[in-house]
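Below: the structure, in structure tokens.
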Amino acid sequence: MLTSGLLRTLFGRVGLARPVGALACALAAAGVAYLSSSHAPQRNEGVNATYELRGRVVNVADGDTVTLQTDGGQRRVRLASIDAPEVGHGQVKPGQPFGQAARKSLEGMVAGRTLTAKCYEKDQYARDVCDLPGDGGHTVNWQQVDAGYAWANTARHGEYLRDATLPAVERKARDQRKGLWAQAGAIAPWEWRYQCWNHGKCAAADATPASTPTPTP
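According to the numbering used here, the sequence shown is numbered sequentially starting from 3.
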């Protein structure tokens, strides 16, 4: 990094001291900015680089998670951009109202189908985060929101929302009181996990017993 003194010496003119000093400060600032950007962690780096998974849907765990049987083995797939009501996971993690209904809705759309998923990345649970092809040019993800069995995933200021059309689809389903919107005071799954699973505030928990979905043969 060139200092103002060195630059002043190189230019050899005292009258250039102030502009040279300003130039040196600018160069120093640029160097700091470069170092900061080159060493800072990149947020969601490569998130737009998609890949595909082709396989048969052999299990539907809940309203936004399925298992694909691919040539390379089974892959758990989390539907991108949406969040469905939680199903129960034992007494300490009760399910939400409409959790089982959301699972059955997704099961009706994809169980036993062979399809090609468009995927973005893996999440913290090693699930592939993907869009599943649906009917009428829409994704299954879109169809779950349209049917009123999932939210557009706007948690963390929309960090997980890749399909920007979904909030409007959700509002329409809400206005038409489809699916879970038939109930008053529906709680978003990310709020449910925090309030109920983390803090035990589980008002209106789903009375439907948690069950392990039967894999599709």
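Cβ coordinates follow ideal geometry from the N, Cα and C atoms, glycine included.
8 Å CB neighbourhood of Val112 in its chain, flanking five on each side removed: Val59, Val62, Val68, Leu134 and Val142
Terminal residues of the alpha helix (DSSP H) in which Asp148 lies: Val142 to Asp148
Same chain only: Cβ atoms within 7 Å of Trp183, ignoring 5 sequence neighbours per side: Gly150, Ala175 and Arg176
Distance between beta carbons of Pro87 and Pro169, contact taken as under 8 Å: Not a contact, Cβ separation roughly 17 Å.
For Cys121: DSSP bridge partner residues: Tyr53 and Cys132
Straight-line gap, Gly187 to Arg179 (C-alpha atoms, nearest Å): If I take the Cα positions, the gap works out to 12 Å.
8 Å Cβ cutoff met for Asp165 and Ser83: yes
Collapsed DSSP secondary structure at Ala205 in the structure displayed: Three-state result, Ala205: coil.
Beta strand (DSSP E) segment containing Val171, residue limits: No beta strand (DSSP E) holds Val171; the alpha helix (DSSP H) holding it covers Leu168 to Asp177.
Reduced DSSP category for Leu81 - H, G, I as helix; E, B as strand; rest coil: strand
Neighbourhood of Lys124 by C-beta distance below 8 Å, restricted to the same chain and skipping five residues each side: Around Lys124: Asp130 and Val131.
Exposure of Asn200, with buried meaning 16 or more beta-carbon neighbours within 10 Å: exposed
For Gly74: DSSP bridge partner residues: According to DSSP, which records beta bridges pairwise, Gly74 is partnered with nothing at all.
Inter-residue Cα distance where the pair is Ser107 and Phe100: For Ser107 and Phe100, the gap between their C-alpha atoms comes out near 10 Å.
Under 8 Å between C-beta atoms of Leu70 and Cys121: no
Environment of Tyr162 [buried if 16+ CB atoms lie within 10 Å]: buried
For Arg164, three-class secondary structure by DSSP: Looking at Arg164 - three-state DSSP - the assignment turns out to be coil, as it is neither helix nor strand.
With 16 other Cβ atoms within 10 Å as the buried cut-off, status of Val147: buried
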